[in-house]
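There are 4 protein chains.
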Amino acid sequence: MPEEDRRFIRATNAEAREIKRRALMKAALASFVERGYDRTTVSAVTKAAGESVGTFYLYFENKLQVYRSLYREALEMLRRHLEEAMRKPHPTVTGEVRALALSYLEFSREKRDYYLILSSQHLGQQDFINDGFLKDRLDTEALALLKMIDRILRRGIDGGEFRRHDTWKTTMIFWGMMDGLLLLNERSNLALSNSGLEDLVLYSVDLCLRGISIS
Amino acid sequence: MPEEDRRFIRATNAEAREIKRRALMKAALASFVERGYDRTTVSAVTKAAGESVGTFYLYFENKLQVYRSLYREALEMLRRHLEEAMRKPHPTVTGEVRALALSYLEFSREKRDYYLILSSQHLGQQDFINDGFLKDRLDTEALALLKMIDRILRRGIDGGEFRRHDTWKTTMIFWGMMDGLLLLNERSNLALSNSGLEDLVLYSVDLCLRGISIS
Amino acid sequence: MPEEDRRFIRATNAEAREIKRRALMKAALASFVERGYDRTTVSAVTKAAGESVGTFYLYFENKLQVYRSLYREALEMLRRHLEEAMRKPHPTVTGEVRALALSYLEFSREKRDYYLILSSQHLGQQDFINDGFLKDRLDTEALALLKMIDRILRRGIDGGEFRRHDTWKTTMIFWGMMDGLLLLNERSNLALSNSGLEDLVLYSVDLCLRGISIS
Amino acid sequence: MPEEDRRFIRATNAEAREIKRRALMKAALASFVERGYDRTTVSAVTKAAGESVGTFYLYFENKLQVYRSLYREALEMLRRHLEEAMRKPHPTVTGEVRALALSYLEFSREKRDYYLILSSQHLGQQDFINDGFLKDRLDTEALALLKMIDRILRRGIDGGEFRRHDTWKTTMIFWGMMDGLLLLNERSNLALSNSGLEDLVLYSVDLCLRGISIS
DNA sequence: CATGAATGAGTATTCATTCAT
DNA sequence: AATGAATGAATACTCATTCAT
Numbered sequence: 006m007p008e009e010d011r012r013f014i015r016a017t018n019a020e021a022r023e024i025k026r027r028a029l030m031k032a033a034l035a036s037f038v039e040r041g042y043d044r045t046t047v048s049a050v051t052k053a054a055g056e057s058v059g060t061f062y063l064y065f066e067n068k069l070q071v072y073r074s075l076y077r078e079a080l081e082m083l084r085r086h087l088e089e090a091m092r093k094p095h096p097t098v099t100g101e102v103r104a105l106a107l108s109y110l111e112f113s114r115e116k117r118d119y120y121l122i123l124s125s126q127h128l129g130q131q132d133f134i135n136d137g138f139l140k141d142r143l144d145t146e147a148l149a150l151l152k153m154i155d156r157i158l159r160r161g162i163d164g165g166e167f168r169r170h171d172t173w174k175t176t177m178i179f180w181g182m183m184d185g186l187l188l189l190n191e192r193s194n195l196a197l198s199n200s201g202l203e204d205l206v207l208y209s210v211d212l213c214l215r216g217i218s219i220s
Numbered sequence: 006m007p008e009e010d011r012r013f014i015r016a017t018n019a020e021a022r023e024i025k026r027r028a029l030m031k032a033a034l035a036s037f038v039e040r041g042y043d044r045t046t047v048s049a050v051t052k053a054a055g056e057s058v059g060t061f062y063l064y065f066e067n068k069l070q071v072y073r074s075l076y077r078e079a080l081e082m083l084r085r086h087l088e089e090a091m092r093k094p095h096p097t098v099t100g101e102v103r104a105l106a107l108s109y110l111e112f113s114r115e116k117r118d119y120y121l122i123l124s125s126q127h128l129g130q131q132d133f134i135n136d137g138f139l140k141d142r143l144d145t146e147a148l149a150l151l152k153m154i155d156r157i158l159r160r161g162i163d164g165g166e167f168r169r170h171d172t173w174k175t176t177m178i179f180w181g182m183m184d185g186l187l188l189l190n191e192r193s194n195l196a197l198s199n200s201g202l203e204d205l206v207l208y209s210v211d212l213c214l215r216g217i218s219i220s
Numbered sequence: 006m007p008e009e010d011r012r013f014i015r016a017t018n019a020e021a022r023e024i025k026r027r028a029l030m031k032a033a034l035a036s037f038v039e040r041g042y043d044r045t046t047v048s049a050v051t052k053a054a055g056e057s058v059g060t061f062y063l064y065f066e067n068k069l070q071v072y073r074s075l076y077r078e079a080l081e082m083l084r085r086h087l088e089e090a091m092r093k094p095h096p097t098v099t100g101e102v103r104a105l106a107l108s109y110l111e112f113s114r115e116k117r118d119y120y121l122i123l124s125s126q127h128l129g130q131q132d133f134i135n136d137g138f139l140k141d142r143l144d145t146e147a148l149a150l151l152k153m154i155d156r157i158l159r160r161g162i163d164g165g166e167f168r169r170h171d172t173w174k175t176t177m178i179f180w181g182m183m184d185g186l187l188l189l190n191e192r193s194n195l196a197l198s199n200s201g202l203e204d205l206v207l208y209s210v211d212l213c214l215r216g217i218s219i220s
Numbered sequence: 006m007p008e009e010d011r012r013f014i015r016a017t018n019a020e021a022r023e024i025k026r027r028a029l030m031k032a033a034l035a036s037f038v039e040r041g042y043d044r045t046t047v048s049a050v051t052k053a054a055g056e057s058v059g060t061f062y063l064y065f066e067n068k069l070q071v072y073r074s075l076y077r078e079a080l081e082m083l084r085r086h087l088e089e090a091m092r093k094p095h096p097t098v099t100g101e102v103r104a105l106a107l108s109y110l111e112f113s114r115e116k117r118d119y120y121l122i123l124s125s126q127h128l129g130q131q132d133f134i135n136d137g138f139l140k141d142r143l144d145t146e147a148l149a150l151l152k153m154i155d156r157i158l159r160r161g162i163d164g165g166e167f168r169r170h171d172t173w174k175t176t177m178i179f180w181g182m183m184d185g186l187l188l189l190n191e192r193s194n195l196a197l198s199n200s201g202l203e204d205l206v207l208y209s210v211d212l213c214l215r216g217i218s219i220s
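Protein chains in written order, with this note's numbering: chain D, 6 to 220; chain L, 6 to 220; chain A, 6 to 220; chain B, 6 to 220.
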């Protein structure tokens with residue numbers, strides 16, 4: 006049978022299955038981000054992925070499970086992205102914090118959809134979407150991130166770069182500030198140019214760091 | 006039909022109409038915040054408000070319009086709340102900024118539902134929810150708020166409290182930071198105690214102000 | 006607006022509502038009997054009843070509930086039908102039993118659909134269809150019917166018509182026999198003419214009664 | 006593909022084929038009886054039989070055909086079971102009829118699933134399930150069974166055990182009665198103990214026979 | 001003005017059957 | 001022969017909105 010007569014590709018091995026799964030998740034992600042959970046229809050997702058409805062249910066238990074898979078994945082990606090940035094050596098702790106901030110900014114741009122899934126999380130009050138598992142996961146990951154920042158700040162104190170202070174508070178402020186700025190940028194038409202946002206982020210970091218810096 | 010058979014009150018004057026309208030909006034707000042827009046049903050809202058479905062459509066064009074009305078209202082309330090805080094005289098500009106921050110915090114607690122409507126706005130990328138009108142309004146109000154902060158900062162410079170710097174950037178950072186902290190508090194189980202949050206907010210303000218303060 | 010432009014009738018009072026409800030139940034009954042529970046679609050039922058799908062759910066919680074309602078109703082109708090037959094005075098107990106048998110036969114003909122709903126009950130092993138409530142109801146009603154027969158037989162003994170024997174056993178045999186004959190008639194193409202079945206039923210009653218009659 | 010990678014057994018000869026076929030039918034029977042025709046899924050049947058979906062369609066045209074095969078088989082089994090009982094010599098015709106009744110009872114217990122398939126047949130008004138072929142078959146077999154009983158009764162008359170009467174009617178009554186009692190037992194919670202049912206069956210036979218016996 | 005019955009398009013999910021491997 | 005991935009039609013149920021009363 007000529008290749009072009011084929012209506013669909015049979016995923017017979019693990020790899021092929023994974024490709025289809027990814028295609029479906031990708032389409033789902035795009036829709037969740039563009040239209041939100043409830044307005045995302047399974048049928049539209051499959052159409053976008055070039056699969057049939059039935060196929061969707063071959064790969065996912067139901068609509069909610071894809072959402073959760075995506076959420077978990079986003080969380081994981083963010084963690085990896087930030088860890089990556091931390092791996093490089095930095096002469097000063099100040100530089101390290103700046104790098105972390107830029108890395109988050111980068112993530113929000115390079116993996117915009119994943120970032121949006123994560124940031125829409127307060128939509129997550131809607132507890133139908135967040136079972137205990139996801140909540141725990143979220144807390145664990147978020148906590149890990151915050152602790153990472155906290156450790157950096159402590160190092161700054163130990164190294165004499167920062168004055169002695171409540172690092173945990175500063176950590177939360179850093180994180181909240183970053184989130185807040187990205188959100189502000191995201192939602193408002195006041196939206197800044199790319200370089201503008203980068204500028205702003207660095208400026209904010211400097212502002213805060215100055216507040217805790219020695220001399 | 007004899008008067009005593011009527012189960013409902015006929016709103017013949019503006020005041021009575023307004024009461025019904027408020028009841029419906031209140032019920033809608035509660036549901037939007039608890040269940041989200043899509044999972045809020047008109048029928049449930051009217052039931053909660055003790056009105057009939059038909060009545061709903063007498064007072065609102067459709068479901069979306071109530072949402073928009075609530076959003077506008079929330080925006081307006083926030084503006085008034087902050088303006089109120091600004092009306093009192095403050096010996097130092099630093100104190101004024103602190104008061105502003107605390108006022109926002111207060112709003113997020115006293116008018117929690119309205120605050121949540123505003124903060125879920127990034128859900129609002131979903132453009133079905135944001136027509137041009139709402140977007141303009143949002144921008145106008147948000148801009149007004151930001152400008153208010155900017156003015157305060159400029160006054161701080163003029164009065165010699167702050168060093169000369171890009172106040173607009175600082176403004177955005179202030180706003181983003183506040184939003185970010187409230188969000189962080191809202192979404193995470195790490196949630197702080199009441200006094201803890203207040204503390205954190207003041208701490209963050211101080212941190213930033215120290216960054217722009219003279220001496 | 007001229008009468009013929011009306012798309013539907015608004016059931017505003019209890020009576021009108023009842024009429025619609027009946028129409029839906031009737032259509033559902035016909036379909037359940039003809040096609041079985043699973044192959045009965047709500048949409049087909051509503052179409053047959055001249056109503057819309059939504060209307061169906063205005064009158065019934067779901068498909069299963071209509072089925073249960075019909076089942077309950079059928080049970081109730083059968084009981085009333087047989088009681089009616091028993092109300093008339095009968096010179097002999099033998100005559101009374103014959104009348105009862107004929108009454109059941111009559112029911113199976115006059116209310117064929119209801120009879121079929123009842124008789125398909127062993128389909129009811131499928132416990133999804135029979136909740137505790139229905140089962141209890143069924144047992145109660147069935148027991149009442151059987152007891153009714155038992156009482157008659159006892160009266161026959163007391164009156165000297167029948168010899169002393171285990172009336173409960175005979176009762177079960179009577180009932181089983183009737184059911185069995187109607188079923189045999191229903192399912193086989195051997196099907197008897199109307200008068201043939203009547204004949205057979207009376208013959209079977211006589212046969213059994215002779216077995217317990219004195220002399 | 007190397008031999009050892011094969012997870013399945015290739016049925017290359019008639020015997021191996023028959024084994025697979027039986028496994029599928031057995032699983033199907035269990036499901037039909039437990040869940041009913043419509044709620045039986047091909048996929049569940051194959052899973053239970055340890056075969057793949059595709060294999061199912063290798064052995065059966067479709068779902069309906071298995072059902073029909075099972076039905077035919079059940080009919081055949083019942084006939085053989087009863088014939089078996091008739092093969093033994095019986096001193097009296099009365100004893101023979103009793104033996105026949107007990108044999109049917111035995112069948113309903115030993116081959117419960119097959120018995121249930123047969124007895125749910127009035128579900129079979131649903132003509133999707135009964136094509137002409139099955140109907141004819143049913144009639145032929147049923148008729149054969151009935152004729153067998155009829156012959157016994159005639160022999161009873163000829164032998165002077167029973168009085169002269171319409172044996173065909175009695176035959177139908179016998180059959181209906183048996184079916185009715187088993188059904189009554191099956192569906193009601195009033196359900197009798199094992200010995201109770203046996204008792205009842207024999208009692209019913211005696212009752213009827215007394216009605217046609219010569220003094 | 002107020003009501004709530006009626007509508008029917010819309011959506012998640014299932015499952016018999018096919019067919020490339 | 002055997003497999004099981006893929007298909008998509010089918011179906012129960014929901015809900016925003018209308019409009020006769």
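Every residue, glycine too, gets a C-beta built ideally from N, C-alpha and C.
When the cut-off is 7 angstroms and only beta carbons count, does A/R215 lie next to chain B?
As a position in the third sequence, residue 215 of chain A is number 210, starting the count at 1. Residue-level contact check: A/R215 touches chain B, since one or more beta carbons of chain B fall below 7 angstroms from its beta carbon.
Let me make sure I understand the geometry here. Which of A/R159, A/T176 and A/I178 has the alpha-carbon closest to that of A/R169?
Within the third sequence, numbered from 1, the residue matching residue 169 of chain A stands at position 164. Minimum Cα distance to A/R169 is reached at A/R159.
To which residues does DSSP link B/F13 through a beta bridge?
As a first step, residue 13 of chain B must be located in the fourth sequence, where it is residue number 8. B/F13 is not bridged to any residue.
Beta bridge counterpart(s) of A/S218 as assigned by DSSP
By one-based count along the third sequence, residue 218 of chain A stands at place 213. Residue pairing from DSSP places A/S218 in a beta bridge opposite A/F167.
Can you find the residues in the same chain that come closer than 7 angstroms, C-beta to C-beta, to A/K116, ignoring five residues on each side of it along the sequence?
Along the third sequence, one-based indexing puts residue 116 of chain A at 111. The residues are M82.
Just to make sure I have the definition right: I need the residues of chain D whose C-beta is within less than 7 angstroms of the C-beta of L/S36. Which are they?
Here the question's residue 36 of chain L lines up with position 31 in the second sequence. Result: empty, since nearest Cβ-Cβ is about 11 angstroms, beyond 7 angstroms.
Can the beta-carbon of B/V98 be found less than 7 angstroms from the beta-carbon of B/G181?
In the fourth sequence, counting from the first residue as 1, residue 98 of chain B sits at position 93. In the fourth sequence, counting from the first residue as 1, residue 181 of chain B sits at position 176. Not a contact, by the Cβ cut-off of 7 angstroms.
Residue-level contact to chain A via CB, B/E8, 7 angstroms cutoff
In the fourth sequence, residue 8 of chain B corresponds to position 3, counting from 1. Confidence at B/E8 is low in this model, with a pLDDT of 49, below 50, so the placement of that residue is unreliable and no value is reported for it.
Any beta carbon of chain L sitting closer than 7 angstroms to that of D/L83?
In the first sequence, residue 83 of chain D corresponds to position 78, counting from 1. Output row for D/L83: interface = no.
Is it buried or exposed, D/D184, if we count other Cβ atoms within 10 angstroms and call 16 or more buried?
In the first sequence, the residue the question calls residue 184 of chain D occupies position 179. Classification of D/D184: buried, given that the 10 Å Cβ count is 16 or more.
In chain order, what are the residue ranges of uninterrupted alpha helix (DSSP H) at least 4 long that sit wholly in the segment 76-129 of chain B?
For the segment 76-129 of chain B, whole alpha helix (DSSP H) runs of length 4 or above, ordered along the chain, are 98-115 and 117-124.
So, L/E101 versus L/I157, is the Cβ gap smaller than 7 angstroms?
Taking the first residue of the second sequence as 1, we reach residue 101 of chain L at position 96. Taking the first residue of the second sequence as 1, we reach residue 157 of chain L at position 152. Yes.
Nearest residue (CA-CA) to L/F253, options L/E66, L/L63, L/Y76 and L/T60:
In this structure chain L extends from 6 to 220, so residue 253 of chain L is not present and cannot be described.
Going by DSSP in three states, A/T51 sits in which element: helix, strand or coil?
As a first step, residue 51 of chain A must be located in the third sequence, where it is residue number 46. Here A/T51 sits in helix by DSSP.
In three-state DSSP terms, what is B/G41?
If you number the fourth sequence from 1, residue 41 of chain B lands on position 36. Note: B/G41 maps to coil in three-state DSSP.
Excluding the 5 residues flanking L/M118 on each side, which residues of the same chain have their C-beta closer than 6 angstroms to its C-beta?
As a first step, residue 118 of chain L must be located in the second sequence, where it is residue number 113. The sequence shown places Asp at residue 118 of chain L, not Met. Close CB contacts of L/D118 within its chain, under the 6 angstroms cut and outside five residues either way in sequence, are with L34 and V38 (chain order).
Cβ neighbours of A/R12 in the same chain (closer than 7 angstroms, five flanking residues each side left out):
Residue mapping note: residue 12 of chain A aligns to position 7 of the third sequence, counting from 1. Correct list: empty, nothing qualifies.
The segment 207-220 of chain A / the segment 39-58 of chain B touching (three or more Cβ pairs under 8 angstroms)
These segments do not touch.
List the whole-angstrom C-beta distance separating B/L87 from B/L150, where the pair is believed to meet the contact cut-off of C-beta under 8 angstroms.
Against the fourth sequence, residue 87 of chain B aligns to sequence position 82. Against the fourth sequence, residue 150 of chain B aligns to sequence position 145. Between B/L150 and B/L87 the Cβ distance is about 7 angstroms, and since that is below 8 angstroms, they are a contact.
Leaving out five residues before and five after L/Y109 in sequence, what residues of the same chain have Cβ atoms less than 6 angstroms from its Cβ?
Position 104 of the second sequence, counted from the first residue, corresponds to residue 109 of chain L. For L/Y109, same chain residues with a beta-carbon under 6 angstroms away, outside a window of 5 residues either side, are M183 in chain order.
If D/L105 and D/A90 are in contact, beta carbons under 8 angstroms, what's the gap, nearest whole angstrom?
Within the first sequence, the letter at position 100 stands for residue 105 of chain D. Within the first sequence, the letter at position 85 stands for residue 90 of chain D. Their Cβ separation, rounded to whole angstroms, is 6 angstroms, which keeps D/L105 and D/A90 in contact under 8 angstroms.
Use the C-beta contact count for D/L123: other C-beta atoms within 10 angstroms, 16 or more gives buried, fewer gives exposed.
Here residue 123 of chain D refers to the residue found at position 118 of the first sequence. The residue is buried, with at least 16 neighbouring Cβ atoms inside 10 Å.
Straight-line gap, B/S74 to B/E20 (C-alpha atoms, nearest Å)
Locating residue 74 of chain B in the fourth sequence gives position 69, where the first residue counts as 1. Locating residue 20 of chain B in the fourth sequence gives position 15, where the first residue counts as 1. Computed Cα separation, rounded: 18 angstroms.
Buried/exposed call for A/E56, threshold 16 Cβ in 10 Å:
Within the third sequence, numbered from 1, the residue matching residue 56 of chain A stands at position 51. Classification of A/E56: buried, given that the 10 Å Cβ count is 16 or more.
C-beta contact flag for L/I178 and D/S209 at 7 angstroms:
Taking the second sequence and counting its residues from 1, one reaches residue 178 of chain L at position 173. Taking the first sequence and counting its residues from 1, one reaches residue 209 of chain D at position 204. A distance below 7 angstroms separates the beta carbons of L/I178 and D/S209.
Verify the CB distance criterion: does A/I219 have a CB-CB separation below 7 angstroms to chain B?
Looking up residue 219 of chain A in the third sequence gives position 214. Residue contact with chain B for A/I219: absent (no Cβ-Cβ distance below 7 angstroms to any residue of chain B).
Nearest by alpha-carbon distance to A/K52: which of A/K31, A/Q70 and A/Y72 is it?
Taking the third sequence and counting its residues from 1, the one referred to as residue 52 of chain A is at position 47. Checking every option, the nearest Cα to that of A/K52 belongs to A/K31.
A/K93 versus B/R142: straight-line alpha-carbon distance, rounded:
Numbered from its first residue, the third sequence carries residue 93 of chain A at position 88. Numbered from its first residue, the fourth sequence carries residue 142 of chain B at position 137. If I take the Cα positions, the gap works out to 45 angstroms.
Short of 8 angstroms in beta carbon distance, which residues of its chain neighbour L/E8, apart from the five on each side in sequence? Order them along the chain.
Within the second sequence, the letter at position 3 stands for residue 8 of chain L. Confidence is the limiting factor: at L/E8 the pLDDT is only 49, short of 50, which leaves the residue's position unreliable, though a coordinate-based value still follows. If you ignore the 5 residues before and after L/E8, its C-beta comes within less than 8 angstroms of no other C-beta in its own chain.
Quick check on this structure: which residue in L/T46, L/D163, L/R85 and L/T60 has the alpha carbon closest to the alpha carbon of L/R26?
Stepping through the second sequence from its first residue, residue 26 of chain L is reached at position 21. Closest by alpha carbon: L/T60.
To the nearest angstrom, report how far apart B/A147 and B/D155 are at their CA atoms.
By one-based count along the fourth sequence, residue 147 of chain B stands at place 142. By one-based count along the fourth sequence, residue 155 of chain B stands at place 150. B/A147 and B/D155: Cα-Cα distance of roughly 12 angstroms.
First through last residue of the alpha helix (DSSP H) which encompasses L/E191
Within the second sequence, residue 191 of chain L is the residue found at index 186, counting from 1. Where L/E191 is concerned, the enclosing alpha helix (DSSP H) stretches over T172 to R192.
Spell out whether any CB of chain B is found under 7 angstroms from the CB atom of A/L80.
Within the third sequence, the letter at position 75 stands for residue 80 of chain A. Answer no: the Cβ-Cβ gap between A/L80 and chain B never drops below 7 angstroms.
Using DSSP with H/G/I as helix, E/B as strand and the rest coil, what is B/T60?
Reading the fourth sequence from its first residue, position 55 is the one you call residue 60 of chain B. Of the three classes helix, strand and coil, the one that applies to B/T60 here is helix, per DSSP.
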